[in-house]
Amino acid sequence: MLAVPGRHRSVALLTFVLVAQVLLLAGQIRQDEHQVRLIRLWAVGIVTPFERAGTWTISKIRGTWSGYFDLVHTKQENGALQAEVNRLRVQNTQLLSQAAEGQRLATLLGFRDSHPDVPMAVARVIASSADGSSHTFYINRGEKDGIRRNMPVITPDGVVGKIFEVFGGASEVLLITDKDSGLGALLAGTRIQGPIGGSGDPFVQMKYVSNDETVTVGQEVLTSGEDRIFPKDLPVGTVTEVKSGSPFKQIRVQPAAHLDRLEEVMVLLMKQESITKPVSTASDAAPGGTSAAATVKREE
Amino acid sequence: MAAYARTETHIEVHKFHLWAVVGVAVAALLIQSFLPVYFPRARMLDLPLLITLYFGFSQRNPSSGLLLGMMIGLMQDSLGRSAIGLYGIAKTLVGYLASSFGSRIDVEHPLSRIGLTAAFYFFHQGVYNLIQRVLLGQHENFFSPSLGIAAGVNALVAVVLFPLLDRLRLPS
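Top line first, the protein sequences correspond to chains A and B.
Sequential numbering of the first sequence, starting at 41, is according to this note's numbering.
Sequential numbering of the second sequence, starting at 4, is according to this note's numbering.
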């Protein structure tokens, strides 16, 4: 055994611990990156129940807050509320209409109509990544719910990301804004294709679009289906900035989904390979490419 | 059971129940992954780093400081998407250095805590980015304005958090 002087024991321990972790890192580079490591499995297994409990608690607190504390001044507000009844009736009609629209949006560009065999699972966001440099979050659906790696994750507004890791009762979702994220996309209307990549900030970049192409601010960006993960013609975002670059344009896209305020998402329980029928596109329905989700036509 | 904290020199060291150390570390990791769901700006906080710093400053034992830093860092890696060991190495070094600093300079004064926390935040991010560059070939900027803001925010949170954690100290 190596005899280490007492005063150097901490330095020796530090060296040992650092070398061990460097070897751990080196081992991961050699391994299949999609292999879920045991320590990660344990950590998620330990933390997930608390996060589920936390989510449940917060939803209850919110309910209590709005259901009780907001009613402290009910007596005073009663008169005003009475006066609002008529307005609320009108609003209720509008909400019913919006609910119907929400149902339409939930079918996401007629996807469900076109593919009734493709089920979706609604999942609640229970935590984000503890690693500040990556854009991921956890949902309360896992392997036992039929979730598998690389399944698309969406909201009625648009694409959110894909399933990155799957655990027993939870899954990790890689947001499209993550630096390592990517998806095939095209510009509605012109159908110019280019991959979308995250840059670590709230926006994403559309890459490899030639300077000769015409791209305008406000154009809708849709999935192209070329990545074999996301189905065709789901809304990705809107072009917010276009610059000429060398050799390609620099196109900044604002994601359509509200990625900073996600509470519920939908996971498409399918593999892209299962999609064989073309989906009617937003550009087919609306050449201008606006309001893609709402204007898509269902193929009869 | 008391967490061990001894030094060779005659300086004041603080002891904690082991359950307090473990509980605070786990709570920090939980909050770190839970808070940004509802408050996206909380992403700039690094509570596990603050906990590593606090126990390093207080216990003043480099061995326990680096081991705690390693465990917290590895757990943080496990709850994220990065390679396991990135935060582990960075927080191991932070735990070791914080313990060493704690035995040499005053880390009880609020101004001292602000300065040291901000400095260690930069150091931590620097080590993290360096490992990414050298070992993983991922190039990240060493400095950005948001990093400076995050360092300031973490330092301010530390000033509030550390006195609360002081209450967990065992009577000497």
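No residue lacks a Cβ here, since even glycine has one placed at the ideal position from N, Cα and C.
Being a predicted model, the structure only gives us computed values, none of them experimental.
- For Pro235 of chain A, the uninterrupted beta strand (DSSP E) run begins and ends at Gln233 to Gly238, by DSSP.
- The C-beta of Tyr57 of chain B has 16 or more other C-beta atoms within 10 Å across all chains shown, which makes the residue buried.
- Judged by their CB atoms, Met191 of chain A and Ala225 of chain A are not nearer to each other than the 8 Å cut-off.
- Distance between Glu253 of chain A and Ala210 of chain A, taken at the CA atoms: about 43 Å.
- Leaving aside the five residues that flank Glu304 of chain A on each side, the residues in its chain whose CB is nearer than 8 Å to its CB run, in chain order, Val162, Ala163, Arg164, Val165 and Thr195.
- Contact of Ser211 of chain A with chain B is not assigned, every C-beta pair being separated by 8 Å or more.
- Below the 8 Å Cβ cutoff, chain B contributes Ser66 as neighbours of Arg49 of chain A, in chain order.
- If you draw a straight line from the Cα of Gly285 of chain A to the Cα of Ala122 of chain B, it is about 37 Å long.
- Neighbours of Asp300 of chain A in chain B, taken as residues whose beta carbon is under 8 Å from its own, are Pro43 in chain order.
- As computed with DSSP, Ala167 of chain A is found in a beta bridge with A:Tyr178.
- Exclusion of the five residues before and after Lys219 of chain A leaves Gly238 and Gly240 as the residues of its chain whose Cβ lies within less than 6 Å of its Cβ.
- Secondary structure of Lys94 of chain B (DSSP, three-state): helix.
- For Ser211 of chain A, the uninterrupted beta strand (DSSP E) segment begins and ends at Ser211 to Leu215.
- Non-local beta-carbon contacts of Pro51 of chain B in its own chain, meaning distances under 8 Å to residues more than five positions away in sequence, involve Ala28, Ala31, Leu32, Gln35, Ile75, Gly76, Met78, Gln79, Tyr90 and Lys94 in chain order.
- Positions of the alpha helix (DSSP H) runs, each at least 4 residues long and wholly inside the region 92 to 156 of chain B, are given as 113 to 139 in order along the chain.
- Under the three-state reduction of DSSP output, Arg92 of chain A falls in the helix class.
- When C-beta distances to chain B are compared with 8 Å, the residues of the region 172 to 198 of chain A below that value are Gly172, Ser173, Ser174, Thr176, Phe177 and Tyr178, in chain order.
- Taking 8 Å as the upper bound for CB-CB distance, Glu260 of chain A and Ala228 of chain A are in contact here, some 4 Å apart.
- Here DSSP, grouped into helix, strand and coil, assigns His48 of chain A to helix.
- The continuous stretches of beta strand (DSSP E) do not include Thr254 of chain A, and DSSP gives it neither H nor E.
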